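Worksheet for the structure shown next.
Number of protein chains: 2
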Amino acid sequence: MPNEKFLGEFELIVMGALMRLGDAAYGVAIIEEIDHRTGRDVSVGALYSTLNRLEKKGYVEARMGEASAVRGGRAKRFFRVTRQGQTQVERSAIALHSMMQGLPAWLKGAQA
Amino acid sequence: MPNEKFLGEFELIVMGALMRLGDAAYGVAIIEEIDHRTGRDVSVGALYSTLNRLEKKGYVEARMGEASAVRGGRAKRFFRVTRQGQTQVERSAIALHSMMQGLPAWLKGAQA
DNA sequence: ATCCATTTATTCTGTTTTGTAAAATAAATA
DNA sequence: TATTTATTTTACAAAACAGAATAAATGGAT
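Note that the protein sequences, when read in sequence, are chains A and B.
Numbering-wise, my numbering comes out as the position in the first sequence, counting from 1, plus 967.
Numbering-wise, my numbering comes out as the position in the second sequence, counting from 1, plus 967.
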């Protein structure tokens, strides 16, 4: 029996952003949320290819929104974490925590 | 200026194992440490290619040990995290924590 | 009313880096 | 010289990433 997979580093970051944003989770908002929390400058390509991959694996679901009445207000694609996705985040969190708990570098990260 | 990179998911796991093992961090011991803590079945190839990449980036350092007086006791290659590597683990920890803190899935992982 | 520049947004294309398994090789002892 | 512990090599799959292309909307000029 082969290994069950864990979420990649960026996949986990994106899942976190989705969970935080709830209903408001679409492209630009996700990029801004990640930038705001981590200072990371995420390219659109990086984000969407990750979202599509997560969708294919059944860890996120997408729904189409409606166009908004502002210049360029094209319809958004909103994402949310599925139950399966939630489970995967937990699995990754457990693995990471088990491995890193108690280490100074990790604790330092927890405070910041 | 492009983005500074973060450690990958498995890279972070390996760095954690090195920190835990201290002086005793070599191939088999690292694999066993990861298996023990996470249940993950790491192949030797996966481990060494990751260690070599981390070494090339200056995040770990290797030293050769001496052969041990047991059947097949070939000399081991021991690894330790460099100061730069320590910094990278912190950076990744901070990013991950900032993104995930407060989320139920993450907290659940922290307990387990 | 229609064209078109501009804006917000997603999709597509291609490349690099990371993750992985398995086979090959090496160095030791019994 | 067979067996054991260990590392190295090889080859490929998956994840991360950037940037260009495309799409769909509005606002203003004519």
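We put the beta carbon where it would ideally sit given N, CA and C, even for glycine.
Since the structure is predicted, the reported quantities are computational estimates derived from the model, not experimental observations.
Could you tell me if the beta carbon of A/Gly-994 falls within a distance shorter than 7 Å of some heavy atom in the ligand COA? As for the ligand COA, it is missing from this structure, which has no ligand bound.
Between the C-alpha atoms of B/Gln-1051 and B/Tyr-1026, what's the straight-line distance to the nearest angstrom? 6 Å
Residue burial classification, A/Gln-1078 (beta-carbon count within 10 angstroms, cutoff 16): exposed
Applying the 10 Å Cβ sphere with the 16-neighbour rule, what's the burial state of B/Ala-1034? exposed
Taking the continuous alpha helix (DSSP H) assigned at B/Val-1009, which residues delimit it? That residue, B/Val-1009, is in no alpha helix (DSSP H); it is neither H nor E in DSSP.
Going by the CB atoms, is the gap between B/Ser-1065 and A/Arg-1038 shorter than 8 Å? No, they are not a contact pair.
Taking the beta carbon of B/Ser-1010 as the centre, do at least 16 other beta carbons fall within 10 Å, making it buried, or is it exposed? exposed
Check the Cβ of B/Gln-1053 against every Cβ in chain A and list those closer than 9 Å, keeping chain order. Within chain A, the C-beta atoms nearer than 9 Å to that of B/Gln-1053 come from Pro-1071, Ala-1072, in chain order.
Buried or exposed for A/Thr-1054, please, with buried defined as at least 16 other CB atoms from any protein chain shown within 10 angstroms of its CB. exposed
Counting only beta-carbon atoms, is B/Leu-1021 nearer than 8 Å to chain A? no
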